[in-house]
Amino acid sequence: RQSLGVPPQLRNECNLDNLDVLQATETIKSEAGQIEYWDHNHPQIRCAGVSVSRLVIEQGGLYLPTFFSSPKISYVVQGPYLFSQSINFIGCAETFMDSQPMQGQQQGQGQQGQQGQQGQQGQQGQQQQQGQQGFSDMHQKVEHVRHGDVIAITPGSTHWIYNTGDQPLVIISLLDISNNQNQLDRNPRVFRLAGNNPQGGFGGPQQQQPQQNMLNGFDPQVLAQALKIDVRLAQKLQNKQDNRGNIVHVRGPFQVARPPIRQSYESEKWRHPRGPPQSPQDN
Amino acid sequence: GLEETICSMRTHENIDDPARADVYKPNLGRVTSVNSLTLPILQFVRLSATRGIIQGNAMVLPKYNMNANEILYCTRGQARIQVVNDNGQNVLDQQVQKGQLVVIPQGFAYVVQSQNNFEWISFKTNADAMISTLVGRTSALRALPLEVLTNAYQISLEEARRIKFNTLETTLTHARSGQQQLIDQIVEA
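Chains U and G, in that order, are what the protein sequence lines are. Read the first sequence against the working numbering and you will find it ends at 371, with the numbers running on by one and no gaps. Read the second sequence against the working numbering and you will find it ends at 174, with the numbers running on by one and no gaps.
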C-alpha cells in the first residue's frame, strides 16, 4: 500500500508485536509550569489514535484559555486540595456574577478566591472610587476541582485552570484525536485564546514553529473593529512581545466570583469519620 | 414502516426566505442555518448548511467551527476574509467574490468583512455544526473572568472590561469606516 502512495494517515499503523513502556519525550516550559508530551507519532500511540500530555502548574499559576479540535479527558494526579477551572460552553449565559466592586490589581498579594470576603478592610476609599466606575464582572461557571477528579472537555470548548493551592498541580490528559468529532488530521492541535509558545509545538513537523495565540493572526484593525476598542489595545491582545508561554503567574489577587467551599471539604473532615456525637452541633 | 418514515422524509428546506432568518439585523444582514433539528434527513448525511447575506460595511464577528469543517461559497458580492490557524498564523487574507470558495478547517478562526453586499452559502461537515464566537455577547472572551483577561494579556482591569463588554452583538456588527479608523489612529498618535 505504501508503494501505491497511500497517505500515511491511511496506512495500517498498528504493529503490536512488541509493546514498550513509554516516557514523555518533550517538555515545553512556561513561566509558571510546563507541559510534557508523549510522542504521538510513536507506533503504539499512533495506533491508539490518541495524544497524551502531562500538565504541571505551579502554585499561583494560570493555564491560559485553550481549546482543542478533539475530545479530551483528564485526571488530577497530584495537587492542592482544591483548584479552580472553567470550561466555557458556547452560548451559555454568564451565571457567575460579581456584585462587589473589584479591588485594583495593585492591592494585596496572595488573596486567592475568597473574593468579596477578604482583603477589603482599609481599602474602602479606593473601592468606592472603583465602584463608581462600575467594576463588576460576570462570567461563566467556575468550578472547584480537586485531586482525583476526572475532567471531560468537548471539542472547541475553551477552558482555563488556576492553581489556588500551595503545591504544584499535575494533570494527565488524553486527547482522542481519532474521535469522529475531530475532523482534522491525526495531529493534536492546540488552539490558544491567549498566551503563546515561543519554543514551538509538539510532535508533528508542522507544529515545530513558534505558536502564537489565535488573535495574533488577525489584522489588529479588524480586531479593534470587532471588539470596538482602539488598535493599540487590540495589539496587546496578540501577545506579540510576551514570552511567558501558556502557563503564567497571576499578579496580585485572583478575584473571580466563586461560590464558597463547603466547610467539610475545606477541613477534610470527611476523610476522618467521627465517633459518637459529642457536641451540640452534632446530630 | 418505511413508507411512513423514511420514504416520506422531507428532503429540502428553504433558507433564502428572510422570514426564516435565525439572525436578523435590518441594516446589517441575516444568517440562516439548516441542521438536523430543522431538516432531520441531515442526521443521516451528517451535513448541514448556513446561508448568509450581509450588507456593505457589515462584519461577521470572529468565530470558529467547534465540530465541523466549513466550505464557504460566495454567491454574490465581495468580502475580505481572514483565517487564522492553530499556530496563530494568518493562513488566508483575501478578497472573495462570486463563484469563489474558501475552506475553513475545524477550529480555525475567521472573520468576514463585507465590501459589497456579500452573500454566501456554507456547507458544514456535521449535522449539528456548532460555532463559537471569539468576540461578542456570547463569545469565549466574554465568558472569561476579568482577572483571567488581565493576566493573560497583561492589561488593566479597565482595558479588560472594554474587551469584554464593548461589543454587545453576537453575530453581525458594523465595521467602522476607513475615515473613522483614520481619526482613531490620529487620536492615538
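The beta-carbon is built from N, C-alpha and C at its ideal position, and this holds for glycine as well.
Give a yes or no on whether the C-beta atoms belonging to N50 (chain G) and F306 (chain U) are separated by under 9 Å.
-> Numbered from 1 along the second sequence, position 65 holds the residue referred to as residue 50 (chain G). Numbered from 1 along the first sequence, position 218 holds the residue referred to as residue 306 (chain U). Not a contact, by the Cβ cut-off of 9 Å.
Contact set between A240 (chain U) and chain G, taken where Cβ atoms lie within less than 9 Å = Taking the first residue of the first sequence as 1, we reach residue 240 (chain U) at position 152. Near A240 (chain U) there are no residues of chain G at all, since even the closest Cβ is about 15 Å away, more than 9 Å.
C-alpha distance - T23 (chain G) paired with R31 (chain G), whole-angstrom precision = Within the second sequence, the letter at position 38 stands for residue 23 (chain G). Within the second sequence, the letter at position 46 stands for residue 31 (chain G). Per the coordinates, the alpha-carbon of T23 (chain G) lies some 13 Å from the alpha-carbon of R31 (chain G).
So V338 (chain U) and Y250 (chain U) are in contact, right, with Cβ under 8 Å, and what is the actual spacing, rounded?
-> Translated into the one-based positions of the first sequence, residue 338 (chain U) becomes position 250. Translated into the one-based positions of the first sequence, residue 250 (chain U) becomes position 162. At roughly 7 Å, the Cβ-Cβ gap stays under 8 Å, so V338 (chain U) and Y250 (chain U) are in contact.
Excluding the five sequence neighbours on either side, which residues of its own chain have a C-beta within less than 6 Å of the C-beta of Q191 (chain U), listed in chain order?
-> Locating residue 191 (chain U) in the first sequence gives position 103, where the first residue counts as 1. Residue placement at Q191 (chain U) cannot be trusted, given a pLDDT of 49 that sits under 50; what the coordinates show is reported in the next sentence. None.
Whole runs of the alpha helix (DSSP H) within the region 273 to 353 of chain U, excluding any shorter than 4 residues = 308 to 315 and 319 to 324
Measure the C-alpha to C-alpha separation of V19 (chain G) and N176 (chain U) and round it to an integer number of angstroms.
-> Looking up residue 19 (chain G) in the second sequence gives position 34. Looking up residue 176 (chain U) in the first sequence gives position 88. Each residue's alpha carbon lies about 25 Å from the other.
Chain-order list of residues whose beta-carbon lies under 8 Å from that of Q309 (chain U) (same chain, five-residue window excluded) | Translated into positions along the first sequence, residue 309 (chain U) becomes position 221. Excluding positions up to five away in sequence, the list reads V319 and A322.
Kindly list, in the order they appear in chain U, the residues whose Cβ is closer than 8 Å to that of A53 (chain G).
-> For the purposes of this step, residue 53 (chain G) is taken as residue 68 along the second sequence, with counting starting at 1. Within 8 Å Cβ-Cβ: Q271.
Interface residues of chain G around S157 (chain U) at Cβ under 7 Å?
-> One-based indexing of the first sequence puts residue 157 (chain U) at position 69. In chain order: Q91 and G92.
Are the beta-carbon atoms belonging to R274 (chain U) and G179 (chain U) less than 9 Å from one another?
-> Against the first sequence, residue 274 (chain U) aligns to sequence position 186. Against the first sequence, residue 179 (chain U) aligns to sequence position 91. Not in contact: R274 (chain U) and G179 (chain U) (Cβ atoms no closer than 9 Å).
At a Cβ threshold of 9 Å, is D217 (chain G) touching chain U?
-> Chain G is shown only over -14 to 174; residue 217 (chain G) falls outside these bounds and no answer can be derived.
Please say whether G73 (chain G) and F156 (chain U) have beta carbons closer to each other than 9 Å?
-> Taking the first sequence and counting its residues from 1, one reaches residue 156 (chain U) at position 68. Taking the second sequence and counting its residues from 1, one reaches residue 73 (chain G) at position 88. Not in contact: F156 (chain U) and G73 (chain G) (Cβ atoms no closer than 9 Å).
Per DSSP, what kind of secondary structure is K229 (chain U) in: helix, strand or coil?
-> The residue given as residue 229 (chain U) occupies position 141 in the first sequence. The answer is coil: DSSP assigns K229 (chain U) none of H, G, I, E or B.
If we ignore side chains and look at the alpha-carbon of each, how far apart do V165 (chain U) and Q139 (chain G) end up?
-> Taking the first residue of the first sequence as 1, we reach residue 165 (chain U) at position 77. Taking the first residue of the second sequence as 1, we reach residue 139 (chain G) at position 154. In a straight line, the C-alpha of V165 (chain U) is about 30 Å away from that of Q139 (chain G).
Would you tell me roughly how many angstroms separate the C-alpha atoms of S118 (chain U) and S117 (chain G), rounded to the nearest one?
-> As a working mapping, residue 118 (chain U) is identified with position 30 in the first sequence. As a working mapping, residue 117 (chain G) is identified with position 132 in the second sequence. Going by the C-alpha atoms only, they are around 27 Å apart.
N304 (chain U), buried or exposed, once every other Cβ within 10 Å from all chains shown has been counted against 16 = Here residue 304 (chain U) is taken as the residue at index 216 of the first sequence, counted from 1. Classification of N304 (chain U): buried, given that the 10 Å Cβ count is 16 or more.
Proximal chain G residues relative to L281 (chain U), where beta-carbon distance stays under 9 Å = As a working mapping, residue 281 (chain U) is identified with position 193 in the first sequence. Result: L119, A125, L126, L129 and A137.
Are any of the Cβ atoms in chain G nearer than 9 Å to that of Q212 (chain U)?
-> Within the first sequence, the letter at position 124 stands for residue 212 (chain U). With a pLDDT of 39 at Q212 (chain U), under the threshold of 50, the predicted position of this residue should be treated as unreliable, though the coordinate-derived value follows. Using a Cβ-Cβ cut-off of 9 Å, Q212 (chain U) does not count as an interface residue toward chain G, since no Cβ of chain G sits closer than that to its own.
For N136 (chain G), the first and last residue of its enclosing alpha helix (DSSP H) = For the purposes of this step, residue 136 (chain G) is taken as residue 151 along the second sequence, with counting starting at 1. Following the DSSP letters along the chain, one finds N136 (chain G) inside the alpha helix (DSSP H) bounded by residues L131 to Y138.
Can the beta-carbon of G333 (chain U) be found closer than 9 Å to that of N301 (chain U)?
-> Looking up residue 333 (chain U) in the first sequence gives position 245. Looking up residue 301 (chain U) in the first sequence gives position 213. N301 (chain U) is positioned such that its CB atom lies no closer than 9 Å to that of G333 (chain U).
Give the range of the alpha helix (DSSP H) segment to which K83 (chain G) is assigned.
-> Here residue 83 (chain G) refers to the residue found at position 98 when the second sequence is read from its first residue. No alpha helix (DSSP H) holds K83 (chain G); DSSP gives it neither H nor E.
So is K10 (chain G) in contact with chain U if we call contact Cβ pairs under 9 Å?
-> Counted from its first residue, the second sequence places residue 10 (chain G) at position 25. So, not an interface residue.
Boundaries (first-last residue) of the beta strand (DSSP E) holding F93 (chain G) | As a working note, residue 93 (chain G) is residue 108 in the second sequence. No beta strand (DSSP E) contains F93 (chain G), which DSSP labels as neither H nor E.
Ordered along the chain, which non-local residues of its own chain (more than five positions away) have a Cβ less than 7 Å from that of A114 (chain G)?
-> Within the second sequence, numbered from 1, the residue matching residue 114 (chain G) stands at position 129. Contacts found: N20, S33, N50, N52 and A53.
Do the CB positions of P276 (chain U) and S158 (chain U) come within less than 9 Å of each other?
-> Mapped onto the first sequence, residue 276 (chain U) falls at position 188. Mapped onto the first sequence, residue 158 (chain U) falls at position 70. The answer is yes: Cβ separation under 9 Å.
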